[in-house]
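Colleague: Here it is, the structure, as structure tokens.
In my numbering, the protein residues as written are 838 to 1125.
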């Protein structure tokens, strides 16, 4: 099982993408560092710090994983979540609320930023191949298809210890989803807002999670969403030739096979202004 390199990422107020030449594209609010990623090069994956919409949330940060295993960061750094300059041998990245998480080539994990909820407590994890972040919890995918979780679990979002046969994980505000090798989806945590429907999905090859919605990419290139319109409208707007998906706080993104991008949902900060983007359309984890 290989780490997932993501050419697309969505945060609370911004979107990130990787051009075929390894440089970055950004749309949305500057406080998230979106305007400062223009000098990034040699990228293989991007991540955007996510958080649910509330009066005291919204600011975020951006991460970029380079081909040499180093990590770049820009944006809000209130609790040191952008202090990744010394990271090396990294093969996967994720960004949560006020924290950054990475996976090294030896399968260990590291994290910086807010430690209050325990979501940075990944130092003992081993044989990890990928990682994702919810608001206050972190989930790791192990090479044997099992999952690890750390952080706040008040809705049971960290109850992933019995999962097996996984090929991907994704996390939202108070929930976690896992994609099995059979193409089905499992869910832990809050089942509200229609998220419980994911357990009935089949033929899924990739998943993404926003604060309160989940996206699923099907084998035929179409997209399923638990979100009501307009947040989930990406499911129809993107068509049936999608190769990668991303979900932010209240917007959704999809990359088509030709490298163009579709967006739907909250565009209050211009985070859906991606009509002129052209991204690297081939995502290793989704090759089919």
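Every residue gets a Cβ at the ideal spot worked out from N, C-alpha and C, and that includes glycine. Keep in mind it's a predicted model, so treat the numbers as computed, not measured.
Could you please give the first and the last residue of the uninterrupted beta strand (DSSP E) stretch that includes residue 1081?
Modeller: Counting from 1 along the chain shown, the entry for residue 1081 is found at position 244. Counting along the chain, the beta strand (DSSP E) containing residue 1081 begins and ends at 1079 to 1084.
Colleague: Which value, in whole angstroms, describes the spacing of the CA atoms of residue 897 and residue 1021?
Modeller: In the chain shown, counting from the first residue as 1, residue 897 sits at position 60. In the chain shown, counting from the first residue as 1, residue 1021 sits at position 184. About 31 Å.
Colleague: Taking the beta carbon of residue 899 as the centre, do at least 16 other beta carbons fall within 10 Å, making it buried, or is it exposed?
Modeller: Here residue 899 refers to the residue found at position 62 when the chain shown is read from its first residue. So residue 899 counts as buried.
Colleague: Look up residue 1034 in the DSSP assignment and say whether it is helix, strand or coil.
Modeller: Taking the chain shown and counting its residues from 1, the one referred to as residue 1034 is at position 197. Residue 1034 falls in the helix class under three-state DSSP.
Colleague: For residue 919, which option in 881, 928, 932 and 927 has the closest C-alpha, if you only look at C-alpha atoms?
Modeller: The count along the chain shown starts at 1 and reaches residue 919 at position 82. Closest option to residue 919, Cα to Cα, is 932.
Colleague: When you compare the region 907 to 926 with the region 875 to 890, are there three or more beta-carbon pairs, one atom per stretch, that lie closer than 8 Å?
Modeller: The region 907 to 926 vs the region 875 to 890: in contact.
Colleague: Check the DSSP bridge columns for residue 1092 and list the partner residues they point to.
Modeller: The count along the chain shown starts at 1 and reaches residue 1092 at position 255. 1081 and 1098, per the DSSP bridge assignment.
Colleague: I'd like the list of long-range same chain contacts for residue 1114, defined as Cβ closer than 6 Å, with 5 residues on each side in sequence excluded.
Modeller: Here residue 1114 refers to the residue found at position 277 when the chain shown is read from its first residue. These residues qualify, in order along the chain: 854, 862 and 1098.
Colleague: Can you tell me which of 1019, 902, 1046 and 1017 puts its alpha carbon nearest to the alpha carbon of residue 1030?
Modeller: For the purposes of this step, residue 1030 is taken as residue 193 along the chain shown, with counting starting at 1. Checking every option, the nearest Cα to that of residue 1030 belongs to 1046.
Colleague: If you run the structure through DSSP and keep just helix, strand and coil, what is residue 868?
Modeller: Working through the chain shown from its first residue, we reach residue 868 at position 31. Any reading at residue 868 needs caution, since the residue's pLDDT is 48, under 50, leaving its predicted position unreliable; the model's value is listed next. DSSP places residue 868 in helix when its eight states are reduced to three.
Colleague: Given a cut-off of 8 Å on the beta-carbon distance, is the pair residue 956 and residue 973 in contact?
Modeller: Mapped onto the chain shown, residue 956 falls at position 119. Mapped onto the chain shown, residue 973 falls at position 136. In this structure, residue 973 lies closer than 8 Å to residue 956 by Cβ.
Colleague: So what does DSSP say about residue 887, is it helix, strand or coil?
Modeller: Walking along the chain shown from the start, residue 887 turns up at place 50. The answer is coil: DSSP assigns residue 887 none of H, G, I, E or B.
Colleague: Let me check understanding here. Comparing Cα to Cα, which of 1016, 963, 967 and 866 lies closest to residue 1106?
Modeller: As a first step, residue 1106 is located in the chain shown; it is residue number 269 there, counting from the start. With distances taken between Cα atoms, residue 1106 lies closest to 866.
Colleague: With a threshold of 16 other CB atoms inside 10 Å of the CB of residue 851, please say whether the residue is buried or exposed.
Modeller: Taking the first residue of the chain shown as position 1, residue 851 is located at position 14. The residue in question, residue 851, is buried, as its Cβ has 16 or more Cβ neighbours within 10 Å.
Colleague: Quick check on the burial criterion: 16 or more other C-beta atoms within 10 angstroms. Buried or exposed for residue 954?
Modeller: The sequence position of residue 954 within the chain shown is 117, counting from 1. With 16 or more other Cβ atoms within 10 Å, it is buried.
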